[in-house]
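Beneath this line is the structure, given in structure tokens, with notes to follow.
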Amino acid sequence: MAAAVRVLFDEAAIDGRVAALAAQIAADHDEPPVIVGIRNGAVPFMMDLLRALPARWHPDLVFDFLDATSYAGSRSTGDIRLAGDLVVGVEGREVLVVDGIVDTGRTMEAVLNHLRGKKPSQVRVCTLLDKPSRRAVPVPVAYRGFEVEDLFVVGYGMDLDQRYRGLRHIGVVEDGA
Ligand code: IMP
Ligand code: MG
37 MAAAVRVLFD
47 EAAIDGRVAA
57 LAAQIAADHD
67 EPPVIVGIRN
77 GAVPFMMDLL
87 RALPARWHPD
97 LVFDFLDATS
107 YAGSRSTGDI
117 RLAGDLVVGV
127 EGREVLVVDG
137 IVDTGRTMEA
147 VLNHLRGKKP
157 SQVRVCTLLD
167 KPSRRAVPVP
177 VAYRGFEVED
187 LFVVGYGMDL
197 DQRYRGLRHI
207 GVVEDGA
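Given below as structure tokens:
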């Protein structure tokens with residue numbers, strides 16, 4: 037059995053922030069950016085975000101994924117590996133990178149360096165959760181859902197050893213199980 041999770045952000049709170057971020061992104065772009073999700077953690081947030089973007093964008097929305105792995109159980113080590121690559125081309129395009137959480141920033145730094153090599157016209161970062169107190173490298177976060185303190189959170193894409201990703205809310209595991 038999974039341990040109890042203390043809820044920090046419930047489904048309604050998440051939905052509200054996703055809608056607000058989608059509105060902000062729509063207001064900032066004349067046409068849809070190419071959306072690049074960092075697998076696996078970004079997936080639930082990114083799917084909800086895509087659906088919340090303006091319906092007029094939906095026919096032209098292009099999205100893809102990058103796989104970033106930091107070799108650690110739960111906390112990131114700083115040893116970031118990118119596996120695979122984008123299928124879609126981003127040269128000359130505006131890109132929006134989506135992740136569930138920016139912690140030390142090392143994953144996003146590696147992803148941004150990788151993407152910039154492809155000569156997009158612009159790269160912006162959208163993260164549902166931001167833990168600025170843990171930052172080791174600067175990350176230009178353009179769109180942020182929630183700021184969180186230095187807690188290890190799970191749910192809505194975020195895992196503890198691959199569990200809890202399917203939760204509709206975000207919270208803290210009570211007893212570390
Ligand atoms: P960073 O490279 O330290 O910014 O960490 C980014 C990655 O570490 C995220 O994409 C998550 O996979 C993982 N991570 C960092 N903090 C948490 C957390 O509180 N809960 C779950 N995963 C986390
Ligand atoms: Mg993880």
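The opening position of the sequence shown corresponds to residue 37 in this note's numbering, with each subsequent residue numbered one higher. All residues carry an ideal CB built from backbone N, CA and C; glycine is no exception. Remember, it's a predicted structure, so these values are computed and weren't measured experimentally.
Let me know the secondary structure DSSP gives residue i once reduced to three states.
i	result
G52	helix
Q198	coil
D135	strand
L122	coil
L44	strand
T140	coil
E210	coil
R170	helix
D187	For clarity, residue 187 is Leu in the given sequence; the question names Asp instead. In this structure, L187 counts as coil in the three-state DSSP scheme.
R180	strand
Is it right to say residue i is buried, meaning 16 or more other beta carbons lie within 10 angstroms of its own, or is it exposed?
i	result
A63	exposed
R204	exposed
K167	buried
A146	buried
G181	buried
R142	buried
A58	buried
A78	buried
Would you kindly work out how many angstroms separate the C-alpha atoms of residue i and residue j, rounded to a whole number?
i	j	result
V161	V54	14 Å
G120	V177	24 Å
D84	E127	26 Å
E130	D211	43 Å
F99	I71	5 Å
R117	A88	31 Å
G207	L132	26 Å
I137	L44	14 Å
F101	N76	9 Å
R201	I61	25 Å
So, is the C-beta of residue i closer than 9 Å to a C-beta in chain B?
i	result
D46	Among the chains in the structure shown there is no chain B, since it carries only a single protein chain.
Report task. Please confirm if the region 38-46 is in contact with the region 81-96, defined as three or more CB-CB distances below 8 Å between the two stretches. Result -> Result no; under three Cβ-Cβ pairs closer than 8 Å.
Report task. Please confirm if the region 170-179 is in contact with the region 187-194, defined as three or more CB-CB distances below 8 Å between the two stretches. Result -> Segments in contact, no.
Query raised in the report: Is it true that the region 195-202 meets the region 97-107, where meeting means three or more beta-carbon pairs spaced less than 8 Å apart?
Result: Between the region 195-202 and the region 97-107 there are fewer than three C-beta pairs closer than 8 Å, too few to call the two in contact.
Query - Runs of alpha helix (DSSP H) wholly within the region 48-100 (minimum 4 residues, chain order) - result: Secondary structure within the region 48-100: the alpha helix (DSSP H) runs of 4 or more consecutive residues, fully enclosed, are 79-88 (chain order).
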